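For the record, the sequence lines run as chains A and B.
For the first sequence, the positions run 1 to 280 when the UniProt record's numbering is used.
For the second sequence, the positions run 1 to 280 when the UniProt record's numbering is used.
Notes for the one structure printed next.
Number of protein chains: 2
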Amino acid sequence: MTTHHSIHPLDAALALSSSHSEGAGQYTGHTSPAYWNMVGPFGGITAATLLQAVMQHPDRLGEPLSLTVNYAGALAEGPFTLQATPVRTNRSTQHWTLSILQAGADGAPVVTTTATVVTAARRETWGAADTPMPQVPAPAQCKPVQPAFRSEWLQRYEMRPVTGALPEQWDDSGDTSLSQLWMRDAPARALDFCALAALADVFFPRVWLRRARQVPAGTVSITVYFHAGADLLAQTGTGYLLGQARAQEFRNGFFDQTVQLWNEAGAMLATSHQIVYYKE
Amino acid sequence: MTTHHSIHPLDAALALSSSHSEGAGQYTGHTSPAYWNMVGPFGGITAATLLQAVMQHPDRLGEPLSLTVNYAGALAEGPFTLQATPVRTNRSTQHWTLSILQAGADGAPVVTTTATVVTAARRETWGAADTPMPQVPAPAQCKPVQPAFRSEWLQRYEMRPVTGALPEQWDDSGDTSLSQLWMRDAPARALDFCALAALADVFFPRVWLRRARQVPAGTVSITVYFHAGADLLAQTGTGYLLGQARAQEFRNGFFDQTVQLWNEAGAMLATSHQIVYYKE
Numbered sequence: 001m002t003t004h005h006s007i008h009p010l011d012a013a014l015a016l017s018s019s020h021s022e023g024a025g026q027y028t029g030h031t032s033p034a035y036w037n038m039v040g041p042f043g044g045i046t047a048a049t050l051l052q053a054v055m056q057h058p059d060r061l062g063e064p065l066s067l068t069v070n071y072a073g074a075l076a077e078g079p080f081t082l083q084a085t086p087v088r089t090n091r092s093t094q095h096w097t098l099s100i101l102q103a104g105a106d107g108a109p110v111v112t113t114t115a116t117v118v119t120a121a122r123r124e125t126w127g128a129a130d131t132p133m134p135q136v137p138a139p140a141q142c143k144p145v146q147p148a149f150r151s152e153w154l155q156r157y158e159m160r161p162v163t164g165a166l167p168e169q170w171d172d173s174g175d176t177s178l179s180q181l182w183m184r185d186a187p188a189r190a191l192d193f194c195a196l197a198a199l200a201d202v203f204f205p206r207v208w209l210r211r212a213r214q215v216p217a218g219t220v221s222i223t224v225y226f227h228a229g230a231d232l233l234a235q236t237g238t239g240y241l242l243g244q245a246r247a248q249e250f251r252n253g254f255f256d257q258t259v260q261l262w263n264e265a266g267a268m269l270a271t272s273h274q275i276v277y278y279k280e
Numbered sequence: 001m002t003t004h005h006s007i008h009p010l011d012a013a014l015a016l017s018s019s020h021s022e023g024a025g026q027y028t029g030h031t032s033p034a035y036w037n038m039v040g041p042f043g044g045i046t047a048a049t050l051l052q053a054v055m056q057h058p059d060r061l062g063e064p065l066s067l068t069v070n071y072a073g074a075l076a077e078g079p080f081t082l083q084a085t086p087v088r089t090n091r092s093t094q095h096w097t098l099s100i101l102q103a104g105a106d107g108a109p110v111v112t113t114t115a116t117v118v119t120a121a122r123r124e125t126w127g128a129a130d131t132p133m134p135q136v137p138a139p140a141q142c143k144p145v146q147p148a149f150r151s152e153w154l155q156r157y158e159m160r161p162v163t164g165a166l167p168e169q170w171d172d173s174g175d176t177s178l179s180q181l182w183m184r185d186a187p188a189r190a191l192d193f194c195a196l197a198a199l200a201d202v203f204f205p206r207v208w209l210r211r212a213r214q215v216p217a218g219t220v221s222i223t224v225y226f227h228a229g230a231d232l233l234a235q236t237g238t239g240y241l242l243g244q245a246r247a248q249e250f251r252n253g254f255f256d257q258t259v260q261l262w263n264e265a266g267a268m269l270a271t272s273h274q275i276v277y278y279k280e
């Protein structure tokens, strides 16, 4: 009898190898078919991969506090190079700049993604939740939805909408951009910073809801602020997160989206914001 | 009779000179005493200066869409070098990485600030305001406040609080982090992208309000999403902006702050977010 311990798809997708001969902080990875979106990888997996490089970097001090990812171009299927550089280390914060490169049509490296990360030392202080978790039914009371369209990455998440699921009719009758849903990795996996970064980006483009029209859309830039430390992530374990997303303004081909993520106990784990391109 | 056309303090602070001998996108500037904060320049003026380099860059295409600034270390009084690099240009977006450097104690350059900017081509599309401006009294009905403490940059802004002014007693009795105020440059100056970027950062640390306790605090990272194009900024002119700021979570020495900025006509000009260090 053989026991198979298969690696979780998220961990497989986040696998990076460092090449010391190439210089400190240079990693190579490979896009994951398990997290493929329409024209490239799911944006959340790219964000998680950048953060993973920081987590693995031997010079890292502290835990993730802030992550900004700019999607300059879609990654092509295949290998990529990731450069992570700590440009300044202070007493309580460390500042990182990152980029992902792939060979372009002529073989020369092309920047597909840029990012900045701040890691920080957390300490016990006075604290307060100024945006408490909304009162919603428990995860078990909310039915899981089947993926709304054929993108492989949707299979990697269990989503149980509370409100703001995709419209049943694409009839331009939308009136709100608010979504609330319980969610976690599928199969379930203990939460860590990289998984949390990816979960901050699982929401459908708000224009689809607000407009009840499915138009081309893609994240241009996302920022995640981590309010949880490793202890709180460990407590959250494989539990569900409540995610809430809404847009603030749709104008001239771009809208923004604000996100909050709480664990089942009502602790705020992360807040996030993104600016999204849409076309119609 | 002589007519004096004095330069606005904001324009003086944003003056950058490019040195072609130093390479494309390298600029030199000088910190401005007019925007001095407690231990360095007002964060908003640093954000505006980074954006100014992009605005001046001969290769720029499109208008600012997104700006993220990471405050790695306080700038010292004196000259600085600013590097702005367009790393990828697409059909509708252009991605920039930026940094500010100053000579450290040993004379070697030290990174004080990193940033990313996305510029984009705006086009006419369907649009909607999903966070309408709150109903508040007009600017003339709100009294201007005198600067609450001795920081020179506070003299550069006219602020007329609607709600959420600083507490009159620092007695730990705070119960909200919400502020709404009318504001503009002082003296009045026609709004542009750089001025708007700076205005996104004028709010006092939310912990001071929520806690009614004045503790050391400083922005670690700020992101501004520009929803207005140049036309709308020109229409706004020297009018007031309504700024609204609130925190979502205070935990372990860091809190976040979400911001919306509308013009007097109720058009959303920008949304912004920041993560702030606090100590107590």
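Just so it is clear, CB atoms sit at the ideal spot from N, CA and C, and this is done for glycine as well.
Since the model is a prediction, treat every value here as computed from it, not as a measurement.
Item: P147(B) beta carbon less than 7 Å from that of L154(B); Value: yes
Item: contact_flag[the segment 91-100 of chain B, the segment 112-125 of chain B] where n(CB pairs < 8 Å) is 3 or more; Value: yes
Item: Under 7 Å from the C-beta of E249(A): neighbouring residues of chain B; Value: A129, D130, T131, H227, M268 and T271
Item: Cα-Cα separation, A55(B) to N70(A); Value: It is worth fixing the name first, because residue 55(B) is Met in this sequence and not Ala. Between M55(B) and N70(A), the C-alpha separation is close to 19 Å.
Item: D192(B) (DSSP reduced to helix, strand or coil); Value: coil
Item: Limits of the unbroken beta strand (DSSP E) element including A270(B); Value: M268 to Y278
Item: Exposure label - E249(A); buried when at least 16 CB within 10 Å; Value: buried
Item: Supposed close pair T28(B), L16(B) - CB separation, criterion 8 Å; Value: 7 Å
Item: Three-state secondary structure assigned by DSSP to P152(B); Value: Here residue 152(B) is Glu; the residue named in the question, Pro, does not match the sequence. In this structure, E152(B) counts as helix in the three-state DSSP scheme.
Item: Three-state secondary structure (DSSP) of W182(B); Value: strand
Item: Per-residue contacts from I275(B) into chain A (C-beta, under 8 Å); Value: L65, S66, V118 and Y225
Item: Contact set for Q102(B): own chain, Cβ-Cβ below 8 Å, skip 5 residues either direction; Value: L75, A76, G78, P79, F80, T81, P109, V110 and T112
Item: Members of the segment 151-180 of chain B near chain A, C-beta cut-off 7 Å; Value: S177
Item: H57(A): contacting residues in chain B (beta-carbon distance under 7 Å); Value: Per Cβ cutoff of 7 Å: no residues; H57(A) is ~16 Å from chain B at best.
Item: Beta carbon proximity, residue 287(A) to chain B, threshold 7 Å; Value: For chain A, the structure presents residues 1 to 280; residue 287(A) sits outside this window and is missing.
Item: When E168(B), A197(B) and T131(B) are compared against A245(A), the one with the closest alpha-carbon; Value: T131(B)
Item: A72(A) at chain B interface by Cβ criterion, 7 Å; Value: yes
Item: As assigned by DSSP and simplified to three states, the class of D59(A); Value: coil
Item: Cβ of N256(A) within 7 Å of any chain B Cβ; Value: Looking at the sequence itself, residue 256(A) is Asp, so the reference to Asn does not match. Yes - at least one Cβ of chain B is within 7 Å of the one on D256(A).
Item: Nearest residue (CA-CA) to N90(A), options V220(A), V118(A) and A230(A); Value: V118(A)
Item: Chain-ordered neighbours of Q260(A) on chain B, where CB pairs are closer than 9 Å; Value: Q248 and E249
Item: Within chain A, the residues that V39(B) reaches when beta carbons sit closer than 9 Å; Value: Ordered by position in chain A, no residue passes the 9 Å Cβ test against V39(B), which lies about 13 Å from the chain.
Item: Min CB distance G23(A) to chain B below 7 Å; Value: no
Item: Interface partners of N90(A) on chain B, CB under 8 Å; Value: A72 and G73
Item: Burial state of V39(A) (16 or more Cβ within 10 Å); Value: exposed
Item: Alpha carbon of F42(B) to alpha carbon of H8(B), nearest angstrom; Value: 17 Å
Item: Sequence-distant residues of the same chain with beta carbon closer than 6 Å to A228(A), five excluded per side; Value: L269
Item: Three-way DSSP call (helix, strand, coil) for G243(A) in this model; Value: strand
Item: Candidates T68(B), L181(B), E158(B) and W126(B), of which the one nearest Q135(B) by Cα; Value: L181(B)
Item: Residue 281(A) in three-state terms, based on DSSP; Value: This structure cannot speak to residue 281(A), because chain A is shown only from 1 to 280.
Item: Residues near A121(B) by beta carbon distance below 7 Å, same chain, minus five either side; Value: G62 and S92
Item: Within-7 Å CB hit, R184(A) to chain B; Value: no
Item: Under 7 Å between C-beta atoms of L65(B) and C194(B); Value: no
Item: Residue-chain proximity (E280(A), chain B), Cβ-Cβ < 7 Å; Value: yes
Item: In DSSP terms, what Y225(A) is bridged to; Value: S66(A) and T271(A)
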